[in-house]
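To keep things clear, I will list the structure first and then write my remarks on it.
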Amino acid sequence: MSDEPLVVKAMAFNIRLSRANDGPDQWDNRKQLVAEIIRRFGGDVIGVQEAWPEQIAYFQSQFSDYGILSRTRDDNPEWGEAVPVLWQAKRWQPDPDEQGTFWLSDTPGVPGSKTFGNALPRIVTWVRLIRSGTGHGVYVYNTHFSHISEWARRQSAAMLVHRIAHRRYPDPVIVLGDFNAGEPSETMQCLKGEVPGAPFRLVDTFRAMHPHAQLVGTYHYFQGSRTGDKVDYVLTTPDATVLEAQILYDQEDGRYPSDHYPVTAIVRFPAATGSG
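So the sequence shown is numbered by our numbering: it starts at 5 and just counts up by one.
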């Protein structure tokens, strides 16, 4: 196993579902810009939220150099939103025994389940990726929490943290997502280990790099505002050194790629210590 540090470029991007009645901001008018932004960043891993099957098919047509792991949140795997994980296939190999999707509910293995008070099923899609030629591993989790219930978000955060804390290998972790939760919320406090008895702690890469930034809203209704809460995050284990973290404000002639800004980070993890 290589003793070189592991550098990972990561992006979280809520692309806005294609089935929404968004008028001039409908998916067909935005998808090329979405693809351009992803391609320009050239991330090792991309976590996408609100992706319907036709959007995933578009990504497959545009990004043949990426692997994609995806499962819709409904009981019917051919219907509904997914939170796919994409990775650079030449750089990374997925661990076939360490990947999947679980539901944020009391029955995480039951497709379509929703017992935390969320109006819709919510999921986490995750995969352990192994860097080609080095043997370094990293766990990537991607999710989209409830847009209605703070209780559901808090329960979801507790489940996610528990799952991460009990992962099979002690590899570093990257969590990507639209948490529908601002920075002071109980949900984010739970994820960042700021609650009593927290089994695990994650770091907000953006705040590690920009601790005093104020206009950091990431949900803007296609209007380009920067006020409001930062609800989209790239989180990592505390062993990461954050080299860069950004909110991307790209637009083309006043058209935004989504109603959320994508968020990115470049992080460096220490050399592996033999994680299997």
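Backbone N, C-alpha and C fix where the C-beta goes; we use that ideal spot for every residue, glycine too.
| Asked | Found |
| --- | --- |
| Selection from Gln59, Gln92, Gln66, Ser68 that minimises the alpha carbon distance to Thr76 | Gln59 |
| His166, enclosing alpha helix (DSSP H) - first and last residue | 154-169 |
| Nearest-angstrom Cα separation, counted from Ile127 out to Tyr202 | Inspection of the sequence shows that residue 202 is occupied by Ala rather than by Tyr. Distance between the alpha carbons of Ala202 and Ile127 is about 21 Å. |
| Glu102 to Glu248 span [Cα, whole Å] | 28 Å |
| Whole-angstrom C-beta distance between Val142 and Trp130, which should lie under 8 Å | Going by Cβ atoms, the distance from Trp130 to Val142 rounds to 11 Å, so no, they are not a contact pair. |
| Pro293 in three-state terms, based on DSSP | Outside the shown range of the chain (5 to 280) lies residue 293, about which nothing can therefore be said. |
| Three-way DSSP call (helix, strand, coil) for Tyr260 in this model | coil |
| The stretch 255-270 touching the stretch 192-201, judged by at least three CB pairs closer than 8 Å | no |
| Spatial neighbours of Val38 in its chain, beta-carbon cut-off 6 Å, leaving aside the 5 residues before and after | Ile19, Pro261 |
| Whole-angstrom distance between Ser68 and Gly84, CA atom to CA atom | 23 Å |
| Where Tyr253 sits in the DSSP three-state scheme | coil |
| Simplified DSSP state of Lys13, which is helix, strand or coil | strand |
| Per DSSP, the bridge partner or partners of Val128 | Phe106, Thr147 |
| Best match in Val235, Val89, Asp26, Val207 for proximity to Thr241 [C-alpha to C-alpha] | Val207 |
| Ala61 in three-state terms, based on DSSP | helix |
| Top-ranked residue by Cα proximity to Ser22, from Lys13, Asn33, Ala14, Val12 | Asn33 |
| Span separating the alpha-carbon of His224 from that of Ala86 | 21 Å |
| Reference Pro112; option with closest CA among Asp78, Gly186, Leu180 | Asp78 |
| Presumed contact (8 Å Cβ cut-off) between Gly181 and Thr147, rounded CB distance | 4 Å |
| Close-in-space but distant-in-sequence residues of the same chain around Thr277 (CB under 6 Å, 5 per side omitted) | Low per-residue confidence applies at Thr277: pLDDT is 48, beneath 50, and the placement is therefore not dependable enough to give any value. |
| Alpha-carbon to alpha-carbon, Glu82 and Arg211 | 37 Å |
| Gly47 burial status per 10 Å Cβ neighbour count (16 or more: buried) | buried |
| Where Pro88 falls, given that 16 or more other Cβ within 10 Å makes a residue buried | buried |
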